[in-house]
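Per the working numbering, the sequence shown starts with residue 297, numbered consecutively.
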Amino acid sequence: MISKKALNTPSSGIRLMYNAAVKYENVLNFCIGEPGFQTPEHIVEAARKALLEGCTKYTHNAGVLKLRQAIADKLKRENHLDVDPEKNIICTTGAGEAILLALLTLADPGDDVLIPAPGWTNYYGHLGIAGLNNVTVKTKEEDRFCPRAQAIEEALTEKSRVLILNTPANPTGTVIPESELYEIAKIAEKYDLAVLADEPYEKFIYDEQKHVSFASLPKMAARTVTINSFSKTYCMTGWRVGYASGPEEVIRGMTKFQENVSSCVNAAAQQGAVAALTGPQDEIKTMKAAYETCRNLLTEGLNHIAGFSCIKPQGAFYVFANIEEMGMDSLSAAMMILDRTRITMAPGSSFGKDGEGFLRISFCAGREDIEEMLLRLEKEFGRK
Ligand SMILES: Cc1ncc(COP(=O)(O)O)c(C=O)c1O
297 MISKKALNTP
307 SSGIRLMYNA
317 AVKYENVLNF
327 CIGEPGFQTP
337 EHIVEAARKA
347 LLEGCTKYTH
357 NAGVLKLRQA
367 IADKLKRENH
377 LDVDPEKNII
387 CTTGAGEAIL
397 LALLTLADPG
407 DDVLIPAPGW
417 TNYYGHLGIA
427 GLNNVTVKTK
437 EEDRFCPRAQ
447 AIEEALTEKS
457 RVLILNTPAN
467 PTGTVIPESE
477 LYEIAKIAEK
487 YDLAVLADEP
497 YEKFIYDEQK
507 HVSFASLPKM
517 AARTVTINSF
527 SKTYCMTGWR
537 VGYASGPEEV
547 IRGMTKFQEN
557 VSSCVNAAAQ
567 QGAVAALTGP
577 QDEIKTMKAA
587 YETCRNLLTE
597 GLNHIAGFSC
607 IKPQGAFYVF
617 ANIEEMGMDS
627 LSAAMMILDR
637 TRITMAPGSS
647 FGKDGEGFLR
657 ISFCAGREDI
667 EEMLLRLEKE
677 FGRK
């Protein structure tokens, strides 16, 4: 009765923690990547106005042209990508859907997809749905979990079709340096790989780092699908709006899938997304400053607590803490921490087996919660 795909598609350890937390009171949640800020008011207002004005119908499968135009303008201005809004862009139900549609379009069941590990939980689920195989690209904590071109070349198989690149990365916070992206581009060209550049954390980069869109590198636009989201940049996780830009035939394929799955993104949410891109951007700066403060507080505090050690992430809003000293697997450690301190963290094993020995802690919820977390951890586990 149940398909092999349904049986083999993993569900996330993050959800396990979420569900386990329900039976406790006074829980501090650091398990999911949900910004502590609200969607800026002008975005909410644009969607409300749109609904009142009758924006309640299906739209073009790839999204309303006004939104695709706003995305094209943004990609040109900020990412140095020259795209035609009518040919190279599709709006999707979150970046998550864009990744799945891109994989369905770029590879056939049985093909291999290279994923730097640890990697975002849902990539593994997407592979399960699309009938694709995961090929792990190894990264090292002492190298800030950076996927290196050489490691990609070593991992390649005969059936490798797609490489997923996520910078800044979830769960590690890695920002791939521009020089490495150039090396990776050589590999993509040499082995004719399609690249899925997943960039939803592009605005949250700290220190001296800068974001470079892979598709902006010479000759890479023709083989790259760039994925982005409104979820993190504009605190719109529940609105479910994301997008992809890429070669015309890939976007056409993705649009056919979208037509058959959900038809289009929620029409009023698309109008909110237009307001997000064309309205004031100053709240992003405020968020970034708040996240940077939280990152510093969390990494400094955590490195003084027995059993934990972590590097300072350069991007996104997660700390990937090493807990090998605890001598237990990451799911058991996360459950033990929940039981003893009423704090949820995501088990590293949710991000592929190379995430074992780590816990992911989100720092986008707010400073006060982090201060309280550090107090609880210190009380329970002591200082180093
Ligand atoms: C690396 C990465 N890609 C894509 C997404 C999907 O974002 P959404 O579907 O909310 O747009 C997430 C969400 O956490 C993510 O961490």
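Think of the CB as a built atom: it goes at the ideal place given N, C-alpha and C, for glycine as much as any other residue.
- Counted as a single uninterrupted DSSP element, the stretch harbouring Arg311 is not any beta strand (DSSP E) but the alpha helix (DSSP H) occupying residues Gly309 to Ala317.
- Short note on Lys528: C-beta closer than 8 Å to some heavy atom of ligand 1.
- Cβ atoms of Cys327 and Ala586 stay farther apart than 8 Å, at about 19 Å.
- According to the DSSP assignment, Lys499 belongs to no alpha helix (DSSP H), since it is labelled neither H nor E.
- In the DSSP annotation of this structure, Cys387 is not part of any alpha helix (DSSP H); the continuous beta strand (DSSP E) holding it starts and ends at Ile385 to Thr388.
- The DSSP-derived three-state label of Asp408 is strand.
- Checking the DSSP bridge columns, you'll see Asn418 has no partner listed.
- Ligand 1 never approaches Pro443 closely enough for any of its heavy atoms to be under 8 Å from the residue's Cβ.
- Beta-bridge pairing by DSSP links Leu459 to Leu410 and Val491.
- Listed in chain order, the non-local C-beta contacts of Met313 below 6 Å within the same chain comprise Cys327, Ala630 and Thr640, local neighbours out to five positions each way being set aside.
- In the three-state reduction of the DSSP assignment, Arg679 falls in the strand class, which pools E and B.
- Nearest Cα to Pro464 within the set Glu474, Val458 and Ser456: Glu474.
- With contact defined as three or more Cβ pairs closer than 8 Å, the stretch 355 to 364 and the stretch 667 to 675 are not in contact.
- Its chain contains Ile619, Glu621, Met622 and Phe677 as the residues whose beta carbon lies nearer than 8 Å to that of Gly603, once the 5 sequence neighbours on both sides are disregarded; these appear in chain order.
- Going by C-alpha positions, Pro609 is about 27 Å away from Leu452.
- Per DSSP, the continuous alpha helix (DSSP H) segment holding Leu477 begins and ends at Glu474 to Lys486.
- Around the beta-carbon of Ala302, fewer than 16 other beta-carbon atoms lie within 10 Å, marking it exposed.
- In this structure, the CA atom of Ser605 is about 6 Å from the CA atom of Ala617.
- Looking at the DSSP output, Leu655 shares a beta bridge with Ala617 and Pro643.
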